[in-house]
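Residue numbering for the sequence shown follows our numbering, starting at 45 and increasing by one per position.
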Amino acid sequence: MSTLEATAEGLQEKRVEVPEKKARIASIDAFRGFTVLSMIFVIQVAGYTDLPFTQSWFGSPPVSQFHHAGDAVGNTLGVGLTFTDLVAPFFVFIVGMVLPLSKRKRGGEFWKHVGTRTFLLIALGVLYISLILNLSYWWGILQAIGIAYFMGATLTRLEAKWRWAVVVLVAVFHQVMSLNFSWWLTLGDATKPFLSITNPAGDPLRPLTVHCTPWASISYGLITVMGTFLGEAVLTRDPKKIIRQSLIMGSVLCIIGYILHLYQWPVFAMNKPNVSVSYAVFTSGVASFTFLIFYLVMDMWKIQKWAWPFMVFGSNALLGYFLQPIVRIFLFALGFKPFFSGHSGWDGVLFGLIWTAIIWVVLLWCNKRNIYWKI
Numbered sequence: 045m046s047t048l049e050a051t052a053e054g055l056q057e058k059r060v061e062v063p064e065k066k067a068r069i070a071s072i073d074a075f076r077g078f079t080v081l082s083m084i085f086v087i088q089v090a091g092y093t094d095l096p097f098t099q100s101w102f103g104s105p106p107v108s109q110f111h112h113a114g115d116a117v118g119n120t121l122g123v124g125l126t127f128t129d130l131v132a133p134f135f136v137f138i139v140g141m142v143l144p145l146s147k148r149k150r151g152g153e154f155w156k157h158v159g160t161r162t163f164l165l166i167a168l169g170v171l172y173i174s175l176i177l178n179l180s181y182w183w184g185i186l187q188a189i190g191i192a193y194f195m196g197a198t199l200t201r202l203e204a205k206w207r208w209a210v211v212v213l214v215a216v217f218h219q220v221m222s223l224n225f226s227w228w229l230t231l232g233d234a235t236k237p238f239l240s241i242t243n244p245a246g247d248p249l250r251p252l253t254v255h256c257t258p259w260a261s262i263s264y265g266l267i268t269v270m271g272t273f274l275g276e277a278v279l280t281r282d283p284k285k286i287i288r289q290s291l292i293m294g295s296v297l298c299i300i301g302y303i304l305h306l307y308q309w310p311v312f313a314m315n316k317p318n319v320s321v322s323y324a325v326f327t328s329g330v331a332s333f334t335f336l337i338f339y340l341v342m343d344m345w346k347i348q349k350w351a352w353p354f355m356v357f358g359s360n361a362l363l364g365y366f367l368q369p370i371v372r373i374f375l376f377a378l379g380f381k382p383f384f385s386g387h388s389g390w391d392g393v394l395f396g397l398i399w400t401a402i403i404w405v406v407l408l409w410c411n412k413r414n415i416y417w418k419i
């Protein structure tokens, strides 16, 4: 055997087979994109009146599906559930779903990433709300997502059975605190104006309760933790496990959430402002079913082109969220404010869709130029 042949044989023996990179789960990106698109739409139409699909939803006074149930006239308790009330739970559920995938991908860098991302989510939330709404601080949805993300990531260290135990314990704790301590859900004097840069004499606590109190954010954490269970099924890439887990979680969580809603009315009924346990559990079940629909259509049946508009948002969700005030300031400076103001009924839906389409086009432009904002 020649030296060249021996060398070639040695190289062949040492050759290491590189595992094929697995394709992304398209349904997760599409589900995330659908959620962000829905969020942008409902934020825009929040100020419009007489929108369609108005009736009582889960015990609320008459309200449109495109408004929060808590915004219904006369809904002093904030009870009820609309499509709009599903947007925030869907997002934090998806955050939980991708945690097992992120943990495997990042390895030893995962916990450093968790700390950095938690800090940035809370900091960006304060910056976003404070600068846009001229308030000195505000506990908004990004801050709540930061807490939920940290809870979900931390609890991935536990086995599934212990994670479920923590879910139950935190749920009971949240209910007990909500029932016995008023400061758990509300802060400040509702008769006084908010503390703001222009009104330093305002109540300094009220800005902490516009979305939910910081500590009530643990209920969003419950949703994120429940999302990790479905994420672990997705991690296996086994269609049977994914479908079975989606069906079991969807069925069990919806049933338990609805029972809590009925038998603990009105204190623990579905209530987004208080992020009640029934709300967290039921919406997690709905999220499981919604993901299953995306998974069956896109990853099982390979029908994917229809979801391309969602994928634009799903691949660059944070930038899509922050584009809203930027585009709004730009358009209003050009004199377009009257164009988007004062609409109602189906006309309001149309202008909500037009606004969402504008954000989508700007984000598509950013995506094509590799302008992404990820933390």
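Glycine is no exception: its CB is placed at the ideal position from the N, C-alpha and C atoms.
Do residue i and residue j have their CB atoms nearer than 8 Å?
i, j, result
"aspartate 94", "glycine 358", "no"
"glycine 232", "threonine 257", "no"
"phenylalanine 137", "methionine 270", "yes"
"phenylalanine 366", "tryptophan 417", "yes"
"valine 371", "isoleucine 402", "yes"
"asparagine 315", "glycine 184", "no"
"proline 317", "glycine 114", "yes"
"valine 393", "proline 96", "yes"
"proline 251", "tryptophan 182", "yes"
"isoleucine 69", "aspartate 343", "yes"
"glutamine 428", "isoleucine 84", "Shown here, the chain extends from 45 to 419; a query on residue 428 therefore has no answer."
"arginine 148", "leucine 274", "no"
"glycine 196", "threonine 268", "yes"
"alanine 215", "valine 321", "yes"
Here's the rule: buried if 16 or more other CB atoms are within 10 angstroms of the residue's CB, otherwise exposed. What is residue i?
i, result
"serine 295", "exposed"
"proline 244", "exposed"
"threonine 272", "buried"
"glycine 162", "First, the residue type needs correcting, since residue 162 is threonine and not glycine in the sequence shown. Buried is the call here."
"tyrosine 17", "As shown, the chain starts at 45 and ends at 419. That puts residue 17 outside it, with no answer to give."
"glutamate 49", "Low local confidence applies: a pLDDT of 47 at glutamate 49 is under 50, so the model's placement there is unreliable, and no value is given."
"isoleucine 262", "buried"
"glycine 118", "exposed"
"arginine 76", "buried"
Sort the options by Cα distance to residue i and report the nearest one.
i, options, result
"lysine 381", "Asp391, Trp390, Val393, Trp399", "Trp399"
"leucine 186", "Thr200, Thr198, Tyr264", "Tyr264"
"threonine 98", "Ala234, Gly389, Trp404, Trp409", "Gly389"
"isoleucine 287", "Lys205, Val341, Gly140, Val123", "Val341"
"phenylalanine 110", "Thr200, Val319, Ser82", "Ser82"
"glycine 301", "Arg207, Phe102, Leu279", "Phe102"
"glycine 159", "Ile69, Ile191, Trp208", "Ile191"
"isoleucine 71", "Val356, Phe154, Arg413", "Correcting the residue type first, residue 71 is serine in the shown sequence and not isoleucine. Minimum Cα distance to serine 71 is reached at Val356."
"cysteine 410", "Ser108, Ser385, Val139, Asn360", "Asn360"
"leucine 125", "Ala260, Phe154, Val319", "Val319"
"alanine 277", "Phe395, Val405, Gly140, Thr198", "Gly140"
"isoleucine 419", "Lys156, Ser100, Val80, Ser108", "Lys156"
"histidine 255", "Phe217, His112, Trp206", "His112"
For the stretch 330-343 against the stretch 288-301, do three or more pairs of beta-carbon atoms, one drawn from each stretch, fall closer than 8 Å, so that the two count as touching? yes
For the stretch 81-98 against the stretch 143-153, do three or more pairs of beta-carbon atoms, one drawn from each stretch, fall closer than 8 Å, so that the two count as touching? no
Report yes or no: do the stretch 160-175 and the stretch 203-223 share at least 3 C-beta pairs separated by less than 8 Å? no
Completely contained alpha helix (DSSP H) runs for the stretch 142-191, where each covers 4 or more residues: 154-177
Completely contained alpha helix (DSSP H) runs for the stretch 267-319, where each covers 4 or more residues: 283-307
For the pair the stretch 313-327 and the stretch 126-141, tell me if three or more CB-CB distances fall below 8 Å. yes
Restricting to runs no shorter than 3 residues, where is the beta strand (DSSP E) found entirely within the stretch 90-121? none
Please go through the stretch 373-415 and give each complete beta strand (DSSP E) segment of 3 or more residues, from N-terminal end onward. none
Just to confirm the assignment: which complete beta strand (DSSP E) runs, minimum length 3, are found wholly within the stretch 187-245? none
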